[in-house]
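Following full-length UniProt numbering, the numbering of the sequence shown begins with 1 at its first residue and continues without gaps.
Positions of the beta carbon are idealized from the N, C-alpha and C atoms, including for glycine.
Worksheet: the structure to be examined is printed underneath.
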Amino acid sequence: MATDAHSGTPGQSIDEPVSIESETHLEDITAAHDVVLVDFYADWCGPCQMLEPVLEGLAGETAAVIAKVDVDEHQQLAGAFGVRGVPTLALFADGEQVEQHTGVLPADRLRGLIEGYTE
């Protein structure tokens, strides 16, 4: 389950996904942490539901912060990132978006993407 924690302390580890509440909140999270994986999802999306436990595991296992954006609640934010389908995963490193993938990726591939920017 995602937490409603805001930006946390810079460099602080967050061991569960963070629910993004606004564009400013997302900007704060990506600025405060070195690597952030953002999951643009919808509650009605079957593949998104399959991805949820994978992301929860990665939040506790990796140095990245996992953030979640509900595209139904935050349509403008999803549109700003060019989200056309869910799930869409956007990876940020040092505050800049460096990767974007649509669809479910296996846990080992996600871990590899994250580790490419955290090691």
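Cβ neighbours of residue 12 in the same chain (closer than 6 Å, five flanking residues each side left out): Because residue 12 carries a pLDDT of 45, less than 50, the predicted location of this residue cannot be relied on, and the following value inherits that uncertainty. For residue 12, where only same-chain residues beyond five positions count, there are no Cβ hits under 6 Å.
Within 10 angstroms of the Cβ of residue 71, are there 16 or more other Cβ atoms? Answer buried if so, exposed if not. buried
Rounded C-alpha distance that separates residue 117 from residue 51: 21 Å
Close beta carbons around residue 83, own chain, < 7 Å, minus the five adjacent residues each side: 40, 71
Put residue 74 into one of helix, strand or coil per three-state DSSP. coil
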